[in-house]
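>
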Amino acid sequence: MLRSLLPALSLVLVLLAIAWLNPRAISYFGFSLMLNLAIPIALATIAQMFVIAGNELDLSIGTFVGFVGCVTATWLKDAPLIGVLILLGSIGVYALLGALIHLRNLPSIVVTLGMSFVWQGLAILVLPKPGGKAPDWLLSLMAFKPPLVPFPIIAALLIAAVVHFGLMRTSYGVILRGSGGNAAALERAGWSLLRTKIVLFALAGLFGVLSGMALIGITTSADANIGNGYTLLSIAGVILGGGEFVGGRVSPIGAVLGALTLALAASPLLTFMHIPPDWQVAANGAILIIVLAARVLISRRER
Amino acid sequence: MKKMLVLGALAAMLASGTALADTSGKKIAFSNNYAGNSWRQAMLDSYSIVTKKAVEDKVVAAADIFTTADKEVPTQAAQVQNLILQGYDAIVINAASPDALNGAIKQACDVGIVVVSFDGIVTEPCAYRVVVDFKDMGRQEIEQMAKFQPKGGNLLEIRGLAGTSIDDAIHAGILEGVAARPEFKIVGSVTGDWDQTTAQKAVATILPSLPDIVGVVDQGGDGYGAAQAFAAAGKPRPTIIMGNRQDELQWWKEQKDKDGYQTWSASIAPGVSSLAFWVAQQVLDGRTDIPHDLLVPYLAFTQDDFEAELPKIVKGGVASHEYTQEDAIAAIKANIK
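In order, the protein sequences belong to chains A and B.
Just so you know, we're using the numbering used here here: the first sequence kicks off at 1 and counts up by one.
Just so you know, we're using the numbering used here here: the second sequence kicks off at 1 and counts up by one.
1. Contact check, ALA255 of chain A vs VAL238 of chain A under 8 Å by CB: the rounded distance?
2. Of all the CB atoms in chain B, is at least one closer than 9 Å to the CB of ALA293 of chain A?
3. Taking the beta carbon of THR288 of chain B as the centre, do at least 16 other beta carbons fall within 10 Å, making it buried, or is it exposed?
4. Contact criterion: CB-CB distance below 9 Å. Does MET13 of chain B meet it with respect to chain A?
5. From the DSSP output, read off the bridge partner residues of GLY287 of chain B.
6. Rounded to whole angstroms, how far is the Cβ of GLN225 of chain B from the Cβ of GLN196 of chain B, which I believe are closer than 8 Å?
7. By Cβ distance, which residues of its chain are closer than 7 Å to MET340 of chain B, with the 5 residues on each side in sequence left out?
8. Taking just the CA atoms, how far does THR123 of chain B sit from GLN140 of chain B?
9. Say whether chain B places a C-beta atom closer than 9 Å to the C-beta of GLY212 of chain A.
10. Check whether chain A comes within 9 Å of VAL283 of chain B, counting only Cβ atoms and requiring the distance to be less than that.
11. Rounded to the nearest angstrom, what separates CYS109 of chain B and GLY103 of chain B at their Cα positions?
12. Can you find the residues in the same chain that come closer than 7 Å, C-beta to C-beta, to ARG260 of chain A, ignoring five residues on each side of it along the sequence?
13. Once DSSP output is grouped into helix, strand and coil, what is the label at ALA330 of chain B?
14. Using a C-beta cutoff of 9 Å, does PRO98 of chain B count as contacting chain A?
15. Helix, strand or coil: how does DSSP classify GLY17 of chain B here?
16. Would you say PRO177 of chain A and ALA79 of chain A are within 9 Å of each other, going by their C-beta atoms?
17. Is ASP136 of chain B helix, strand or coil by DSSP?
18. Assuming contact is defined by CB atoms lying nearer than 9 Å, are LYS58 of chain B and SER24 of chain B in contact in what I supplied?
19. Excluding the five sequence neighbours on either side, which residues of its own chain have a C-beta within less than 6 Å of the C-beta of ALA123 of chain A, listed in chain order?
20. Rounded to a whole number of angstroms, what is the C-alpha to C-alpha distance between SER304 of chain A and ALA204 of chain A?
21. Could you name the residues of the same chain whose beta carbon sits closer than 8 Å to that of VAL187 of chain B, not counting the 5 residues immediately before and after it, in chain order?
22. Can you tell me whether ALA95 of chain B is buried or exposed? The criterion is at least 16 other CB atoms within 10 Å of its CB, across all chains shown.
23. Could you tell me whether the Cβ atoms of LEU269 of chain A and ALA8 of chain A are closer together than 9 Å?
24. Can you tell me where the alpha helix (DSSP H) holding LEU194 of chain A begins and where it ends?
25. Is the beta carbon of ASP293 of chain B sitting closer than 9 Å to the one on VAL131 of chain B?
26. Just checking: is the beta-carbon of TYR172 of chain A within a distance shorter than 9 Å of some beta-carbon in chain B?
27. When DSSP labels each residue in this structure, what does THR263 of chain B get in the three-state scheme?
Shown next, in the form of structure tokens:
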């Protein structure tokens, strides 16, 4: 019970700390600002979660988000049709990677590490110098100001609800998680493991694309290196959200909460604490370690 | 009548643009995306020396420094957004990307925060940009070279980090300089990444295939490496333009003591961070005549004054200059056309 509440609990703790340090941040305006960059992180975390659900790890999601960002700021604005085709094609590449990893029984870490350089290289090809501009519809979508509840919160709820329903409440969702939990049993029951792996990787690609587009909608302009930090953030988000590296144990709601917690703990909390500049970089790492260690400690006590 | 006088005096004070006490309640934040090399460390040092004094003198209320843990754009964008929430009146920024932070910068401008970028500038029109005239620096390298090598000859060019605006600008300046002085010819070009080791390797690789070189034009941080490569290859020592690094000036001094070797040295002073701070202060002071693009001079040393500077630079460091409020006012004046 405590275990499933933990992601929400850590988010509340971080929010309390922020409220104490800077009460001004706890407002409609404050949440819109603090959390809008958490949306792309949450989407990247969901992408990573699909891969982890199948007992694999994706080390290329960060550079993939960067590549999508570059395509969004160039092709998708200037030639929307080609842009859409490129993005769909990149989801296809993800699906093929899933197939390759399953058929050749390759370690996903090696394959996706290699792919991370491919995506990075492609991103630099698309956008050799920082620049480009997000399509107008994307800009206005990300700048949307709904009444009462800030947009990032609505977006986070929506992402969590959709993925939770798809993965936890549908019968094929059970099969997908089962492919990570007990692959042998699934295969004996007649399900295609090749298909589950392809679906999981394609979903990761889809959410990677959404993450890149959301990011560019916020930053308005792209940079080939823009997503590099997302690889590790997404893995940390999944784990913080109650996921496990093996066994198909993941939680979409937890993953979204984990991503929000990380986004808040790393930057706003740090900025509001007024740490001397020499210590800021180390403090950032320390906060992440404390948050993740607390999660491990509590879930261990549960057993 | 008295009211008129007061108003008149107030208008005169505003027009003169000197510091008034009315920024004493203002808070200025410094958003920095990277602190991992000697130039950036010198930049942070200069900034904190100048701002600490400014806070003590009650020119501003606070001047805090924020450095992100990684070089990533989203991290710095989030940082800028948090600084907005913190209620700062101005943000001085050395940005991770010229374009990708524009969203966050615009949000800051929209709530009335003054944004001043330098070194890593931002292209968002509402922000101020303190830019060093790198193109002129490139041009000047050829002009200086003509003094030391009046007969002209073959030049080797060392480029900086590929794909950056700084490399682009210095290179363009050098090409312009060569076009104006046809006695010089660039016969080879290598990439040195503003780094002695990289430059030394690159120069050593290209040297055997080159004719006699009379001079090396470069971008700073690469002069000492080039000198080592020429020495190792047993080639005659050319006139190497230096870039204000301690090891470069040290080598220059050794050569000068030996046989009166002459050259010239120029680079961007890390202390330009303090100039950006004063520009922010001036904008907060109510000045509305400040152009959004400010071109400021680079820091140069000649045969006569480099030895005086050398002892002031820490080993492995780079020459810097802390700018004062007067410097900033003068720089702004020079940019108002």
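Where is the CB? At the ideal position from N, CA and C, for every residue including glycine.
Model, not experiment: these values are computed from the prediction.
This is what the structure holds:
1. Against the first sequence, residue 255 of chain A aligns to sequence position 255. Against the first sequence, residue 238 of chain A aligns to sequence position 238. About 5 Å; that satisfies the 8 Å criterion.
2. Translated into the one-based positions of the first sequence, residue 293 of chain A becomes position 293. Output row for ALA293 of chain A: interface = no.
3. On the second sequence, residue 288 of chain B is found 288 positions in, with the first residue counted as 1. Using a 10 angstroms sphere on the CB of THR288 of chain B, the tally of other CB atoms stays under 16, which defines it as exposed.
4. In the second sequence, counting from the first residue as 1, residue 13 of chain B sits at position 13. Since pLDDT at MET13 of chain B reaches only 46, below the 50 mark, its modelled position is unreliable, and the value read off the structure follows with that caveat. Closer than 9 Å: no.
5. The residue you call residue 287 of chain B lines up with position 287 of the second sequence. What sits at residue 287 of chain B in the sequence shown is Arg, not Gly. Answer by DSSP bridge pairing: none, since ARG287 of chain B is not bridged.
6. Within the second sequence, residue 225 of chain B is the residue found at index 225, counting from 1. Within the second sequence, residue 196 of chain B is the residue found at index 196, counting from 1. A small fix is needed here, since residue 225 of chain B is Gly in this sequence, not Gln. Yes, GLY225 of chain B and GLN196 of chain B are in contact; Cβ-Cβ is about 4 Å, under 8 Å.
7. Shown here, chain B extends from 1 to 337; a query on residue 340 of chain B therefore has no answer.
8. For the purposes of this step, residue 140 of chain B is identified with residue 140 of the second sequence, where counting begins at 1. For the purposes of this step, residue 123 of chain B is identified with residue 123 of the second sequence, where counting begins at 1. Cα to Cα, GLN140 of chain B sits roughly 27 Å from THR123 of chain B.
9. Mapped onto the first sequence, residue 212 of chain A falls at position 212. It does not: the Cβ of GLY212 of chain A has no partner Cβ on chain B nearer than 9 Å.
10. For the purposes of this step, residue 283 of chain B is taken as residue 283 along the second sequence, with counting starting at 1. Taking CB atoms only, VAL283 of chain B has no neighbour in chain A less than 9 Å away.
11. Counting from 1 along the second sequence, the entry for residue 109 of chain B is found at position 109. Counting from 1 along the second sequence, the entry for residue 103 of chain B is found at position 103. Computed Cα separation, rounded: 10 Å.
12. In the first sequence, counting from the first residue as 1, residue 260 of chain A sits at position 260. Strictly speaking, residue 260 of chain A in this sequence is Leu, with Arg absent from that position. In its chain, beyond the 5 residues on either side, LEU11, LEU35, ALA38, ALA42, ALA156 have a beta carbon closer than 7 Å to the beta carbon of LEU260 of chain A.
13. One-based indexing of the second sequence puts residue 330 of chain B at position 330. When secondary structure is reduced to three states using DSSP, ALA330 of chain B falls in the helix class.
14. Residue 98 of chain B sits at position 98 when you count from the first residue of the second sequence. Chain A, which has a Cβ nearer than 9 Å to the Cβ of PRO98 of chain B, makes this yes.
15. Here residue 17 of chain B refers to the residue found at position 17 when the second sequence is read from its first residue. Unreliable placement is indicated for GLY17 of chain B, whose pLDDT of 44 sits below 50; no coordinate value is reported for it.
16. Indexing the first sequence from 1 puts residue 177 of chain A at position 177. Indexing the first sequence from 1 puts residue 79 of chain A at position 79. Sequence check: residue 177 of chain A is Arg here, not Pro. ARG177 of chain A is not a Cβ neighbour of ALA79 of chain A, given a cutoff of 9 Å.
17. Residue 136 of chain B sits at position 136 when you count from the first residue of the second sequence. DSSP places ASP136 of chain B in helix when its eight states are reduced to three.
18. To locate residue 58 of chain B, count along the second sequence from 1; it is residue 58. To locate residue 24 of chain B, count along the second sequence from 1; it is residue 24. In this structure, the beta-carbon distance from LYS58 of chain B to SER24 of chain B falls below 9 Å.
19. The residue labelled residue 123 of chain A in the question sits at position 123 within the first sequence. GLY66, PHE67, CYS70, ALA224, listed in sequence order.
20. This structure does not reach residue 304 of chain A, given that chain A is present from 1 up to 303, and the question cannot be answered.
21. If you number the second sequence from 1, residue 187 of chain B lands on position 187. Cβ within range, chain order: ASN154, LEU155, LEU156, LEU210, PRO211, ILE213.
22. Numbered from its first residue, the second sequence carries residue 95 of chain B at position 95. ALA95 of chain B comes out buried.
23. Counted from its first residue, the first sequence places residue 269 of chain A at position 269. Counted from its first residue, the first sequence places residue 8 of chain A at position 8. By the CB criterion at 9 Å, LEU269 of chain A and ALA8 of chain A fall outside the cutoff.
24. The residue given as residue 194 of chain A occupies position 194 in the first sequence. DSSP places LEU194 of chain A in the uninterrupted alpha helix (DSSP H) bounded by 193-219.
25. Here residue 293 of chain B is taken as the residue at index 293 of the second sequence, counted from 1. Here residue 131 of chain B is taken as the residue at index 131 of the second sequence, counted from 1. At the C-beta level, ASP293 of chain B and VAL131 of chain B come within 9 Å of one another.
26. Position 172 of the first sequence, counted from the first residue, corresponds to residue 172 of chain A. Against chain B, the CB of TYR172 of chain A has no partner CB under 9 Å away; the residue lies outside that interface.
27. Taking the first residue of the second sequence as position 1, residue 263 of chain B is located at position 263. THR263 of chain B falls in the coil class under three-state DSSP.
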